[in-house]
Amino acid sequence: QMQLAESGGGVVQPGGSLRLSCTGSGSMFDIADIKWDRQAPGKQRELVAHITRHYVTNYADSVKGRFTISRDNAKNMAYLEMNSLKPEDTAVYYCNVDLGIFGDNWGQGTQVTVSS
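This note's numbering applies: residue 4 is where the sequence shown begins, and numbers increase by one.
In structure tokens, the structure reads:
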């Protein structure tokens, strides 16, 4: 089991930027599929971005061209760079580190609020 901690959330004006970080404990971070999900009030959780162990990325249509997912296996860290933020990006953002048969791990979430 891997402990995860997200950070970097906050309040930002529309058009602003934030960088979320996810730190994982333990080993095997380099074999993980990593995702960032989000959940807005009254809505279902949705996948925002995904990066495989081979650094292949994909994004939800709503964030393509604005968000970038990355990882640094040497530091056991993953990132979500968010630019041109919109009010509809307001949500709790969760980091998911999927180790396959070795376990699926979630962080506690970090709040992102986009408001003027």
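The C-beta atom is built at its ideal place from N, Cα and C for all residues, glycine as well.
This structure is a prediction, so every number in the text was calculated from the model and none was measured.
Alpha carbon to alpha carbon, how far is Ser119 from Ile54? Give it in angstroms, no decimals. The straight-line gap from Cα to Cα measures roughly 31 angstroms.
Is the region 21-39 touching the region 97-111 in the sense that three or more CB pairs, one from each, lie closer than 8 angstroms? Yes, since at least three Cβ pairs between the region 97-111 and the region 21-39 fall closer than 8 angstroms, the two stretches touch.
Inter-residue spacing [alpha-carbon to alpha-carbon] between Ser87 and Gly19: The straight-line gap separating the alpha-carbon atoms of Ser87 and Gly19 is approximately 5 angstroms.
Does the Cβ of Asp64 have 16 or more other Cβ atoms within 10 Å, making it buried, or fewer, making it exposed? Under this definition Asp64 is an exposed residue.
Which runs of the beta strand (DSSP E) spanning at least 3 residues fall entirely within the region 77-109, listed in chain order? For the region 77-109, the full-length beta strand (DSSP E) segments reaching 3 residues or more read 80-85, 94-101, 107-109 along the chain.
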